[in-house]
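>
Numbering (my numbering), first residue to last: 7 to 152.
Written as structure tokens, this is what we have:
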């Protein structure tokens, strides 16, 4: 989210309304998530207003575009064969988050890494590693559904 040129992280509860792809992705990989449990109305309301409670998981950049890519492949190319190649890990990726990217800029011929992904779009190169194991698991899950 951007305010006066600065970017900030913002807590937004995950719902089917605001992020159906993320809900679908997480339901495949994490059937133990809080939204899959039966909760009372009071618990649901409190969870919405207490974003920094102690049971939050560490940050993770979730590759929901894998879902979009594979869904498109299955729908548009039902008899496809697929070979993918990419990096499954990158040097100098941002610390503290699973799936974190490398964020860098070229300055006077040198590559200078950034300490955050909250940078001005277009000025920095942002490279996300491919979670090959997760992508393969998702592919086989979607293959079983088609």
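For every residue, glycine included, the Cβ atom is placed at its ideal position computed from N, Cα and C.
Quantities reported herein were computed from a predicted structural model and do not represent experimental measurements.
Note down the Cα distance separating residue 20 from residue 29, rounded to an integer number of angstroms.
7 Å
> Between the Cα of residue 106 and those of 93, 152, 117 and 113, spot the shortest distance and give me the residue it belongs to.
93
> For residue 129, which residues of its own chain have a beta-carbon under 8 Å away from its beta-carbon, when the five flanking residues on both sides are left out?
111
> To the nearest angstrom, report how far apart residue 132 and residue 152 are at their CA atoms.
33 Å
> Would residue 87 pass as an interface residue toward chain C - the criterion being a Cβ-Cβ separation below 8 Å?
This model lacks chain C altogether; it includes just one protein chain.
> Taking all protein chains shown into account, do 16 or more other C-beta atoms lie within 10 angstroms of the C-beta of residue 100, making it buried, or fewer, making it exposed?
buried
> Between the Cα of residue 25 and the Cα atoms of 36, 35, 70 and 13, which residue gives the shortest distance?
70
> Among the residues of its own chain, which have a CB less than 8 Å from the CB of residue 103, if the five just before and after it don't count?
If we look at residue 103 and ignore the five residues flanking it on each side, its Cβ neighbours are 64, 65, 66 and 67.
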